[in-house]
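These notes are about the structure you will find just below.
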Amino acid sequence: MEKLDLSEAEWRARLSPEQYHVLREAGTERAFTGKYNSNKADGVYFCAGCGTELFDAEEKYDSGSGWPSFTAPVDIDAVEEIRDASHGMMRTEVRCATCEGHLGHVFPDGPGVNGLRYCMNSASLDFKPRGDAE
Numbered sequence: 001m002e003k004l005d006l007s008e009a010e011w012r013a014r015l016s017p018e019q020y021h022v023l024r025e026a027g028t029e030r031a032f033t034g035k036y037n038s039n040k041a042d043g044v045y046f047c048a049g050c051g052t053e054l055f056d057a058e059e060k061y062d063s064g065s066g067w068p069s070f071t072a073p074v075d076i077d078a079v080e081e082i083r084d085a086s087h088g089m090m091r092t093e094v095r096c097a098t099c100e101g102h103l104g105h106v107f108p109d110g111p112g113v114n115g116l117r118y119c120m121n122s123a124s125l126d127f128k129p130r131g132d133a134e
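Residue 134 is where the sequence shown ends in UniProt numbering, and the numbering goes up by one at each step.
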């Protein structure tokens, strides 16, 4: 995928303060506060920073974690996984492969065939209902 490389000023102009904090500063929204945590509508989730298609609602489930959770991305090449040793623990950070925006983390405790839980921040996502996403 071709990378989207913008200056910090361009990112700040493009994103809300919360989106900037999550996507560009690897922030995390508080549990159960994100607008997509309880979203059950059929559709597709895109990167809020660059519009890359990331997750299908068919892969979304209620993990009870307080963040939108998915069993897999639409295409494994749409995301990058990076070791994250911050906060005194070892985790795997998930970033958008196009703009390198922080999306959340992936954990090995999911219900899908691959056993993964992609735990994402709502602020890093844009949702489009199925008919509008195509």
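Note that beta-carbon positions come from the ideal geometry of N, C-alpha and C, so glycine has one too.
T52 and C96 do touch by the CB rule: their CB atoms are close to 6 Å apart, below 8 Å.
Beta-bridge partners of I82 (DSSP): E93. Remark: C-beta atoms of N39 and F107 do not approach each other more closely than 8 Å.
For V113, the secondary structure class from DSSP, reduced to helix, strand or coil, is coil. Residues of the same chain with a CB within less than 6 Å of the CB of I82, apart from the 5 flanking positions on each side, are E93 in chain order. Within the same chain, Cβ atoms closer than 7 Å to the Cβ of G110 are found at T71, L116 and R117, the five residues on either side in sequence being excluded. Residue pairing for F107: DSSP places it in a beta bridge opposite R117.
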